[in-house]
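Count along the sequence shown from 1, then add 2; that gives the number in the numbering used here.
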Amino acid sequence: MRQLFFRIFVLLGISFVATSCHVARFFYYNFADVKDYQKFAADTVYKGKSVFYFEKASSQIPFSLPSAFQSDSLSFDSFLEKHKTLAFLVIKNDTIVYEEYYRDYDSSSVIPSFSVSKVFVSALLGIAIQNGCIESVHDSISKYIPELQHKGFDQLSLLNLLNMRSGLDFKEAYTTPFADMAKYYYGQNLKKYVSKLTVEEKPGARYNYQSVNTLLLGIAIENACNKRLPELLSDEIWSKIGTSYNASWSVDSKKHHTTKAFCCINATPKDFGKFGSLYLHEGNWNGEQIIPSEWVKRSTTIQNDSRDSQGYPYAYQWRVLKSGSYFAKGVLGQYIYINPTKKVVIVRMGKSTDDINWPRFFESLLPQL
3 MRQLFFRIFV LLGISFVATS CHVARFFYYN FADVKDYQKF AADTVYKGKS VFYFEKASSQ
63 IPFSLPSAFQ SDSLSFDSFL EKHKTLAFLV IKNDTIVYEE YYRDYDSSSV IPSFSVSKVF
123 VSALLGIAIQ NGCIESVHDS ISKYIPELQH KGFDQLSLLN LLNMRSGLDF KEAYTTPFAD
183 MAKYYYGQNL KKYVSKLTVE EKPGARYNYQ SVNTLLLGIA IENACNKRLP ELLSDEIWSK
243 IGTSYNASWS VDSKKHHTTK AFCCINATPK DFGKFGSLYL HEGNWNGEQI IPSEWVKRST
303 TIQNDSRDSQ GYPYAYQWRV LKSGSYFAKG VLGQYIYINP TKKVVIVRMG KSTDDINWPR
363 FFESLLPQL
């Protein structure tokens with residue numbers, strides 16, 4: 003009898019989570035997790051007919067742990083494993099020189115990218131401008147989202163959104179169910195939430211990281227190009243760079259089907275590495291200019307005083323370093339890092355950042371490359 007009551011309780015709980023507000027889903031699912039791609043409805047991002055294979059070095063580089071990270075007398079590999087890494091790839095000149103997986107993950111494992119997805123939206127915006135769907139980054143967001151054609155939004159440009167300088171009233175906090183981010187991540191009607199946004203301060207005045215900025219860019223691209231983001235990503239990038247597997251992009255719900263542009267592209271580590279390689283080659287893939295080279299250059303150049311919480315310059319959804327390196331970052335320590343000078347791409351996928359400054363870690367590996 004006790005087991006029967008327990009089963010009924012569980013079924014009622016699942017039903018409540020499936021149909022109730024985002025607060026209930028926050029408490030049920032708790033903080034973002036690497037299995038989140040299994041929790042949300044998603045659209046397929048299709049690969050192309052041909053697969054690109056990175057060359058593989060005859061032997062892996064025997065990296066030594068940089069001195070700044072030597073605290074427990076760990077080996078390089080043990081350090082990665084201890085600090086909750088799931089996949090770690092180092093690609094130099096399109097050759098894999100280091101590749102390891104942890105905690106039962108392997109090269110075919112799907113891992114959510116979280117906010118790494120923001121740079122994919124940036125790339126699609128550059129392509130949309132090249133294709134004529136969108137005229138300019140200086141256009142007002144209200145031009146492409148009719149629901150925002152009211153006071154304040156006519157001064158909010160796509161450029162403001164790209165550089166996280168929108169001035170919107172939006173709370174990004176991840177650890178409380180009552181912040182806007184929880185509602186947007188776990189909620190099931192993103193366009194309804196967007197329609198209630200307000201401008202809090204003058205757009206462009208200051209940097210403030212807000213995931214809703216990328217969501218607005220995604221909706222604008224879809225409206226302007228008359229295609230959904232997963233289809234655009236399939237047609238314009240994923241099918242062209244030799245990805246090995248289909249990916250997926252999570253949506254808010256099966257009913258409303260709005261793409262979570264601010265996060266949630268789910269793919270394998272090496273396929274994320276191919277996107278990094280596309281940027282390393284300034285948007286060109288085997289002679290085809292997929293992303294405008296000028297867009298890549300602009301996206302990876304420090305533009306203003308926008309700085310993230312770790313002090314890294316922010317441009318067009320990328321973090322840019324004074325060294326010339328740049329990287330995309332996701333909440334659990336998901337990274338695509340690129341160093342053009344050394345021709346290096348590093349992909350780190352993790353279960354947590356584990357309080358490691360991973361960009362600093364990547365930079366400290368460069369002398370060994």
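C-beta: ideal position from N, C-alpha, C; glycine also.
- CA-CA distance, residue 197 to residue 96, rounds to 44 Å.
- If one requires a minimum length of 3 residues, the beta strand (DSSP E) runs lying completely within the stretch 321 to 368 are 328 to 332, 336 to 341 and 346 to 352, in chain order.
- In this structure, DSSP gives residue 253 an extended state, which the three-state scheme calls strand.
- Across the structure, residue 257 and residue 210 are spaced so that their CA atoms are roughly 31 Å apart.
- Cβ neighbours of residue 308 within its own chain (closer than 8 Å, five residues either side excluded): 165, 166, 167, 209, 315, 316 and 317.
- Within the stretch 32 to 79, the complete beta strand (DSSP E) runs of at least 3 residues fall at 44 to 47.
- Taken in chain order, the unbroken stretches of alpha helix (DSSP H) that lie wholly in the stretch 233 to 310 and span 4 residues or more are 271 to 282 and 295 to 301.
- Note that the C-beta distance between residue 224 and residue 231 is below 7 Å.
- According to DSSP, residue 204 shares a beta bridge with no other residue.
- If you ignore the 5 residues before and after residue 336, its C-beta comes within less than 6 Å of the C-beta of 115, 116, 118 and 351, all in its own chain and listed in chain order.
- Excluding the 5 residues flanking it on each side, residue 292 has same chain C-beta neighbours closer than 8 Å at 129, 238, 239, 242, 243, 280, 285 and 286, in chain order.
- Residue 153 has its alpha-carbon roughly 43 Å from the corresponding atom of residue 356.
- Residue 363 has its alpha-carbon roughly 27 Å from the corresponding atom of residue 39.
- In this structure residue 142 does not touch residue 191 by the C-beta definition: roughly 24 Å separates them, more than the 8 Å allowed.
- Measuring C-alpha to C-alpha distances from residue 248 to each of 36, 52 and 207 identifies 52 as the nearest.
- Cβ atoms of residue 253 and residue 43 come within 8 Å of each other, at about 5 Å.
- Boundaries of the beta strand (DSSP E) around residue 99: 97 to 103.
- Taking all protein chains in view, the Cβ of residue 325 is surrounded by fewer than 16 other Cβ atoms within 10 Å, so the residue is classified as exposed.
- Residue pairing from DSSP places residue 87 in a beta bridge opposite 352.
- Under DSSP, the beta-bridge partners assigned to residue 94 are 97 and 346.
- Under DSSP, residue 159 takes part in a beta bridge, and its partners are 142.
- In this chain, the alpha helix (DSSP H) harbouring residue 182 covers 182 to 188.
- Selection 322, 289, 290 and 277 evaluated against residue 299 yields 322 as nearest (Cα-Cα).
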